[in-house]
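**Student:** Top line first, the protein sequences correspond to chains H and B. Per the numbering used here, the very first residue in the first sequence carries number 1; after that it's consecutive. Per the numbering used here, the very first residue in the second sequence carries number 228; after that it's consecutive. Sharing a structure, written as structure tokens. Questions coming.
Number of protein chains: 2
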Amino acid sequence: MKIAILGGTGDLGRGLVTRWAKFHDVIVGSRSEEKGKALADEYRQIAEKHFGSELKGSIQGAENTQAAKVSDVIVLTIPQEYLLGFLPTLKPVIDQNKILISPVVPMQKVNKHFVYTPYSIGEPPRSLSAGEAVSTILRTNRVVSAFHTVPARKLAQLELTLDYDIPLAGDDKDAIQVVSDLIRQIPNLKPLYAGPLSVSNLLESITPFLLNLSIYNKIKDPSIKVC
Amino acid sequence: MKIAILGGTGDLGRGLVTRWAKFHDVIVGSRSEEKGKALADEYRQIAEKHFGSELKGSIQGAENTQAAKVSDVIVLTIPQEYLLGFLPTLKPVIDQNKILISPVVPMQKVNKHFVYTPYSIGEPPRSLSAGEAVSTILRTNRVVSAFHTVPARKLAQLELTLDYDIPLAGDDKDAIQVVSDLIRQIPNLKPLYAGPLSVSNLLESITPFLLNLSIYNKIKDPSIKVC
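Okay, here's the thing in structure tokens:
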């Protein structure tokens, strides 16, 4: 399977690229092809060093739309403030076969704490979660909302086993299945289906909730476990 | 301390009344004094049977406003659809010393799943969490939002030890302290301060999220643990 990680410069992108490269051909997307290729070189060294001969996939770099064009699964590791501007540039390369994963959380810091600030789209304006915004703007129902609560800093450290539940939301059964399998390929992440894409706001809201817990209780890299 | 549990007919009310009666004088509030007293008799028998000579507090019944009038802490275990109609009846007995606890979650079932549906209050209408609605309508900042995620059915079983985190939100430091201490008196609940009352929506959203997980994954009484 070909997986594009777009804007994958942060820890979440780094973690997903290097961990999924064990099994899949991963393309690091960036605004410039050069930057994508440079990042790919860096991530490839990390993955080769960690997995050795167990590394079955590959890591390449490309400009974002080129990466999306050739991939089956596209992860939008895009900063929340750029998402609405970025999506239209993807539109020409998205067809109904491609699966999009949105880990994006629209939120803002107010004083000391974070609040959830869904996007406002359309006329009259509708309040939409990031997952819904992706589906609406790219006109596809193969959007899966996931990875909002996994601590990115830990995901980026390949030596760590991640004992977390990964709630995911989406409308397309096949896409949910594919993403659930991808989640299971990262030890010991466990996918948990949380409902249709319309409940993505409930999943995205957990990120500012966790950040606030972190701020007020000095908990480092908090995540949740359903018990 | 005197604690009123208003509308405490469900499992959450039953659990809080019987568990806090170990240390405090608890008043079961109901729409009718008779029903409040009948419930109090039932809960008192449960608490006496379970705690024996360790029972230091008492359990009485009263009409809701009478219960609130004589209490230091008031828990609004009111069905979400009655909250906005109920609060104005409380207004005459609420002063700035009383602490209000809101476990209320405004939500609706749509098809198979639950969505979070904050209240719409004022002109022009503002979208408010239950915690904010209580504070706005009763004009007090001593509101603490808590107990949205503890499985009520388990709380009502005194023989169970509850190994859960209880996120709470509120603006008044003293009120937060009092409620945190009340939470710690229920073994092994752990209060976790999650921010000002304005983030109560993040806490309340976790309830429909958990209900959806329960529906789609057949998890019984799910709760969360921060890890």
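Just so you know, even glycine gets a beta-carbon here, dropped at the ideal spot from N, CA and C. The structure presented is a predicted model; accordingly, all values stated were derived computationally and were not measured.
Residue range of the beta strand (DSSP E) that Phe114(H) falls in?
**Tutor:** On the first sequence, position 114 is the one that residue 114(H) refers to. Note, Phe114(H): beta strand (DSSP E), 113 to 116.
**Student:** For Gly235(B), which option in Glu359(B), Lys264(B), Leu389(B) has the closest C-alpha, if you only look at C-alpha atoms?
**Tutor:** For this step, residue 235(B) is matched to residue 8 along the second sequence. Selected option, being the one with the closest Cα: Lys264(B).
**Student:** Would you kindly check if the distance between the Cβ of Gln80(H) and the Cβ of Pro106(H) is under 8 Å?
**Tutor:** Sequence index remark: in the first sequence, residue 106(H) carries index 106 (1-based). Sequence index remark: in the first sequence, residue 80(H) carries index 80 (1-based). A contact, by the Cβ cut-off of 8 Å.
**Student:** Could you check which residue in Gln287(B), Gly279(B), Leu365(B) has the C-alpha nearest to that of Val253(B)?
**Tutor:** Here the question's residue 253(B) lines up with position 26 in the second sequence. Among Gln287(B), Gly279(B), Leu365(B), the Cα nearest to that of Val253(B) belongs to Gln287(B).
**Student:** Which residue wins for smallest C-alpha separation from Ala294(B), given the options Pro330(B), Ser257(B), Asp322(B)?
**Tutor:** What you label residue 294(B) is simply residue 67 of the second sequence in a count that begins at 1. If we check each option's Cα against that of Ala294(B), Ser257(B) comes out closest.
**Student:** Classify Gly170(H): buried if its beta carbon has 16 or more other beta carbons within 10 angstroms, exposed otherwise.
**Tutor:** Here residue 170(H) corresponds to residue number 170 of the first sequence, with the count starting at 1. Buried, since its Cβ has 16 or more Cβ neighbours within 10 Å.
**Student:** Taking Pro435(B) as the query, report the chain H residues whose CB atoms sit under 8 Å from its CB, ordered along the chain.
**Tutor:** The residue given as residue 435(B) occupies position 208 in the second sequence. Chain H residues near Pro435(B): Val199, Leu202.
**Student:** If Ile46(H) and Thr77(H) are in contact, beta carbons under 8 Å, what's the gap, nearest whole angstrom?
**Tutor:** The sequence position of residue 46(H) within the first sequence is 46, counting from 1. The sequence position of residue 77(H) within the first sequence is 77, counting from 1. In fact, because the Cβ distance is near 17 Å, the residues do not count as touching under 8 Å.
**Student:** Going along chain H, which residues have a C-beta under 9 Å from Leu440(B)?
**Tutor:** For this step, residue 440(B) is matched to residue 213 along the second sequence. Ordered by position in chain H, the residues that pass the 9 Å Cβ test against Leu440(B) are Asp165, Pro167, Leu192, Tyr193, Ala194, Gly195, Val226.
**Student:** Please name the residues in the region 334 to 353 of chain B whose beta-carbon is closer than 7 Å to at least one beta-carbon of chain H, in chain order.
**Tutor:** Flagged, chain order: His340, Val342, Tyr343.
**Student:** Curious, which full-length beta strand (DSSP E) runs of at least 3 residues does the region 242 to 285 of chain B contain?
**Tutor:** The region 242 to 285 of chain B contains these whole beta strand (DSSP E) runs: 252 to 257.
**Student:** Work out the CA separation of Ala357(B) and Val331(B) for me, nearest whole Å.
**Tutor:** Numbered from its first residue, the second sequence carries residue 331(B) at position 104. Numbered from its first residue, the second sequence carries residue 357(B) at position 130. The alpha-carbon atoms of Val331(B) and Ala357(B) are separated by roughly 6 Å.
**Student:** Keeping to the same chain, check which residues put their C-beta closer than 8 Å to that of Lys69(H); ignore five residues upstream and five downstream.
**Tutor:** Counting from one through the first sequence, the residue named residue 69(H) turns up at place 69. Cβ neighbours of Lys69(H) beyond the five flanking positions: Val93.
**Student:** Contact check, Ala152(H) vs Asp11(H) under 8 Å by CB: the rounded distance?
**Tutor:** By 1-based counting over the first sequence, the position of residue 152(H) is 152. By 1-based counting over the first sequence, the position of residue 11(H) is 11. At roughly 4 Å, the Cβ-Cβ gap stays under 8 Å, so Ala152(H) and Asp11(H) are in contact.
**Student:** Taking the DSSP output, what are the residues bridged to Leu197(H)?
**Tutor:** To locate residue 197(H), count along the first sequence from 1; it is residue 197. Note: Leu197(H) sits in no beta bridge, so no partner.
**Student:** Please check if any C-beta of chain B sits within less than 8 Å of the C-beta of Ser223(H).
**Tutor:** Working through the first sequence from its first residue, we reach residue 223(H) at position 223. Closer than 8 Å to some Cβ of chain B, the Cβ of Ser223(H) qualifies, so yes.
**Student:** Would a check of beta-carbon distances place Pro216(H) closer than 8 Å to chain B?
**Tutor:** The residue labelled residue 216(H) in the question sits at position 216 within the first sequence. The sequence shown places Tyr at residue 216(H), not Pro. Yes - at least one Cβ of chain B is within 8 Å of the one on Tyr216(H).
**Student:** Output, in chain order, the set of chain H residues within a Cβ distance shorter than 8 Å of Ile446(B).
**Tutor:** Indexing the second sequence from 1 puts residue 446(B) at position 219. The answer, in chain order, is Val226.
**Student:** Please classify Ser200(H) as buried or exposed, where buried requires at least 16 other C-beta atoms within 10 Å of its C-beta.
**Tutor:** Numbered from 1 along the first sequence, position 200 holds the residue referred to as residue 200(H). Ser200(H) is buried by the Cβ-count criterion.
**Student:** Based on the DSSP secondary-structure assignment, which residues constitute the bridge partners of Met107(H)?
**Tutor:** One-based indexing of the first sequence puts residue 107(H) at position 107. Paired residues: Tyr116(H).
**Student:** Just mark Leu387(B) as buried or exposed, buried being the case when its beta carbon has 16 or more other beta carbons within 10 Å.
**Tutor:** Taking the second sequence and counting its residues from 1, one reaches residue 387(B) at position 160. Classification for Leu387(B): exposed.
**Student:** Going by beta-carbon coordinates alone, are Glu281(B) and Lys229(B) separated by less than 8 Å?
**Tutor:** Numbered from its first residue, the second sequence carries residue 281(B) at position 54. Numbered from its first residue, the second sequence carries residue 229(B) at position 2. Their beta carbons are not under 8 Å apart, which means Glu281(B) does not touch Lys229(B) by this criterion.
**Student:** Spatial neighbours of Val143(H) within its chain, please: CB distance less than 7 Å, with the 5 preceding and 5 following residues excluded, ordered by chain position.
**Tutor:** Position 143 of the first sequence, counting from 1, holds the residue named residue 143(H). Taken in chain order, the residues that qualify are Leu100, Ser102, Gly131, Val134, Ser135, Gly170, Leu197.
**Student:** Would you kindly work out how many angstroms separate the C-alpha atoms of Pro222(H) and Pro208(H), rounded to a whole number?
**Tutor:** For this step, residue 222(H) is matched to residue 222 along the first sequence. For this step, residue 208(H) is matched to residue 208 along the first sequence. Cα-Cα distance, rounded: 11 Å.
**Student:** Alpha carbons only, please: which of Ser71(H), Asn64(H), Val73(H) is nearest the one belonging to Phe86(H)?
**Tutor:** Within the first sequence, numbered from 1, the residue matching residue 86(H) stands at position 86. Looking at the Cα atoms, Asn64(H) is the closest of the given residues.
**Student:** Buried or exposed: which applies to Asn178(B), given that a residue is buried once 16 or more other Cβ atoms fall within 10 Å of its Cβ?
**Tutor:** The structure shown does not extend to residue 178(B), since chain B is modelled only from 228 through 454, so no value can be given for it.
**Student:** List the residues of chain B whose Cβ lies closer than 8 Å to the Cβ of Glu135(H), in chain order.
**Tutor:** Walking along the first sequence from the start, residue 135(H) turns up at place 135. Looking at the sequence provided, one finds Ser at residue 135(H) rather than Glu. Simply none; closest approach about 16 Å.
**Student:** Going by beta carbon distance, what residues of the same chain come within less than 6 Å of Ile455(B), once the five residues before and after it are set aside?
**Tutor:** Only positions 228 to 454 of chain B appear in this structure, which leaves residue 455(B) out of reach.
**Student:** For Arg241(B) versus Ala402(B), is the C-beta spacing smaller than 8 Å?
**Tutor:** Locating residue 241(B) in the second sequence gives position 14, where the first residue counts as 1. Locating residue 402(B) in the second sequence gives position 175, where the first residue counts as 1. In this structure, Ala402(B) does not lie closer than 8 Å to Arg241(B) by Cβ.
**Student:** Tell me which same chain residues have a C-beta within less than 7 Å of the C-beta of His148(H), skipping the five on either side of it?
**Tutor:** For the purposes of this step, residue 148(H) is taken as residue 148 along the first sequence, with counting starting at 1. Result list for His148(H): Pro103, Val105, Leu203, Glu204, Ile206, Thr207, in chain order.
**Student:** Taking 7 Å as the cut-off, does the CB of Leu39(H) come closer than this to any heavy atom belonging to the ligand ZN?
**Tutor:** Only the bare structure without any ligand can be found here, which leaves the ligand ZN out of the picture.
**Student:** Buried or exposed: where does Tyr343(B) fall if 16 or more other Cβ atoms within 10 Å of its Cβ makes it buried?
**Tutor:** For the purposes of this step, residue 343(B) is taken as residue 116 along the second sequence, with counting starting at 1. Counting Cβ neighbours within 10 Å, Tyr343(B) comes out buried, since at least 16 surround it.
**Student:** Under 8 Å between the Cβ atoms of Leu243(B) and Leu317(B)?
**Tutor:** Position 16 of the second sequence holds residue 243(B). Position 90 of the second sequence holds residue 317(B). No, they are not a contact pair.
**Student:** Near Lys154(H), what residues of its chain come up, given a Cβ to Cβ distance below 7 Å and the 5 sequence neighbours on each side ignored?
**Tutor:** Taking the first sequence and counting its residues from 1, the one referred to as residue 154(H) is at position 154. Cβ within range, chain order: Leu160, Leu162, Asp221.
**Student:** Assign Asp172(H) to one of three DSSP states: helix, strand, or coil.
**Tutor:** Locating residue 172(H) in the first sequence gives position 172, where the first residue counts as 1. If DSSP states are grouped into helix, strand and coil, Asp172(H) belongs with coil.
**Student:** Keeping to the same chain, check which residues put their C-beta closer than 8 Å to that of Leu355(B); ignore five residues upstream and five downstream.
**Tutor:** Translated into positions along the second sequence, residue 355(B) becomes position 128. Closer than 8 Å at the Cβ level, and outside the excluded window around Leu355(B), lie Pro345, Tyr346, Ser347, Ile348, Thr363.
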